[in-house]
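Residue numbers (the numbering used here): 3 to 131. A quick write-up on the structure given underneath.
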């Protein structure tokens, strides 16, 4: 029975080609259209704070977005062609440790939500002591 319903759903989906009326006539409920409010906004109030001198740590913080599933913090050495290093966090704060001393770094952040669109913050540059 379950297999028959699955096959019927595939058939209706194939015939309907996204037409909501045909999907409803087939006895199924069409999926919801994507809500534009779900697109992650430009990250606000992104801050990079250095810890005490010689700690080789930075604290990253961004204003929380209630629909964010994750926060994508990225960093790399300034003026290097190296790819961005990615750190995912479930919270709006992150601590990066073991950075190289006396180096300039670039930092940025993006909210990750249900929509796959990625909107990065402005890049912030800091010198790590």
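We treat Cβ as the ideally placed atom computed from N, Cα and C, and that holds for glycine.
Query	Result
What is the DSSP secondary structure of residue 27, reduced to helix, strand or coil?	helix
To test your reading of the DSSP string, which unbroken alpha helix (DSSP H) runs of 4 or more residues are found completely within the region 78 to 129?	none
Which residues in the same chain have their Cβ closer than 8 Å to the Cβ of residue 85, if we skip the five residues on either side of it in sequence?	78
Shortest alpha-carbon distance to residue 76 belongs to which of 62, 100, 102?	62
Can you list, in chain order, the residues of its chain with a C-beta nearer than 7 Å to that of residue 49? Leave out the 5 residues immediately preceding and following it.	63
On a Cα-Cα basis, can you pick out the residue from 14, 92, 53, 109 that is closest to residue 68?	92
Quick one: residues in its chain with C-beta nearer than 7 Å to the C-beta of residue 32, no 5 flanking neighbours on either side, listed in chain order?	22, 25, 26
Near residue 120, what residues of its chain come up, given a Cβ to Cβ distance below 6 Å and the 5 sequence neighbours on each side ignored?	112
Quick check on residue 137: does DSSP put it in helix, strand or coil?	The structure shown does not extend to residue 137, since the chain is modelled only from 3 to 131, so the question has no answer here.
Does residue 109 pass the burial test, meaning 16 or more other C-beta atoms within 10 Å, or should it be called exposed?	buried
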